[in-house]
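Quick notes on the structure that follows.
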Amino acid sequence: MERESHHERVRVPLEQEFLEAVKRRDLAAFRFQAATHDIPSGLPNPDGKQRIYNASREYSASLAHLSRTLKRLTDFREFRIVPGDLKPPG
7 MERESHHERV RVPLEQEFLE AVKRRDLAAF RFQAATHDIP SGLPNPDGKQ RIYNASREYS
67 ASLAHLSRTL KRLTDFREFR IVPGDLKPPG
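Its first residue numbered 7, the sequence shown is counted upward by one per residue in the working numbering.
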């Protein structure tokens with residue numbers, strides 16, 4: 007019983023972290039798509055270039071974060087590796 011309880015205390019936050027990362031990635035993808043489609047002539051003005059650059063950086067960062075959360079979740083599910091920040095004290 008205690009083992010299952012410990013498993014849940016690790017699994018639940020990892021799954022929540024992963025779902026939040028997916029939402030963050032989806033929002034960043036939407037913003038990037040909006041920035042690139044918001045240019046009627048196909049040639050962005052300097053401000054448009056900066057918007058695209060910022061949206062691209064946000065999207066790249068969200069993908070990196072999603073990859074980290076997926077690795078943490080997969081490592082726990084497949085190999086029972088508990089991330090350091092979720093290990094019980096002691």
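Don't be surprised by glycine CBs; every beta carbon is placed ideally from N, CA and C. None of the values given here were measured: they were computed from a predicted structure.
inquiry  = Only counting the same chain, and skipping five residues up and downstream in sequence, which positions put a Cβ closer than 8 Å to that of F38?
reply    = In the sequence shown, residue 38 corresponds to position 32, counting from 1. Same-chain partners within the cutoff: I58, A61, S62, E64, Y65.
query = Taking the runs of the beta strand (DSSP E) that are 3 residues or longer, which of them lie wholly in the segment 9 to 64?
reply = Fully enclosed beta strand (DSSP E) runs of 3 or longer: not present.
request  = Return the chain-ordered list of same chain residues with a C-beta closer than 7 Å to the C-beta of L72, the five sequence neighbours on each side being excluded.
outcome  = Here residue 72 is taken as the residue at index 66 of the sequence shown, counted from 1. A27, V28, R31.
query = Since V16 and F85 are thought to touch, with beta carbons under 8 Å apart, how far apart are those beta carbons, to the nearest angstrom?
reply = Within the sequence shown, residue 16 is the residue found at index 10, counting from 1. Within the sequence shown, residue 85 is the residue found at index 79, counting from 1. For V16 against F85, the beta-carbon gap comes to about 12 Å, at or over 8 Å, which does not count as contact.
request  = Leaving out five residues on either side along the sequence, give the residues of the same chain with a beta carbon under 7 Å from the beta carbon of A41.
outcome  = Position 35 of the sequence shown holds residue 41. Closer than 7 Å at the Cβ level, and outside the excluded window around A41, lie R57, I58, A61.
message = Which same chain residues end up closer than 6 Å to E23 when comparing Cβ atoms and leaving out the 5 residues on each side of it in sequence?
response = In the sequence shown, residue 23 corresponds to position 17, counting from 1. The residues are T75.
ask   = So L20 and R78 are in contact, right, with Cβ under 8 Å, and what is the actual spacing, rounded?
value = Here residue 20 refers to the residue found at position 14 when the sequence shown is read from its first residue. Here residue 78 refers to the residue found at position 72 when the sequence shown is read from its first residue. About 6 Å separates the Cβ atoms of L20 and R78, confirming a contact at the 8 Å cut-off.
ask   = Which word fits S11, buried or exposed, when buried means at least 16 other C-beta atoms lie within 10 angstroms of its C-beta?
value = Along the sequence shown, one-based indexing puts residue 11 at 5. Its Cβ having fewer than 16 others within 10 Å, S11 is exposed.
query = Do you know offhand how far S135's Cα is from D91's?
reply = In this structure the chain extends from 7 to 96, so residue 135 is not present and cannot be described.
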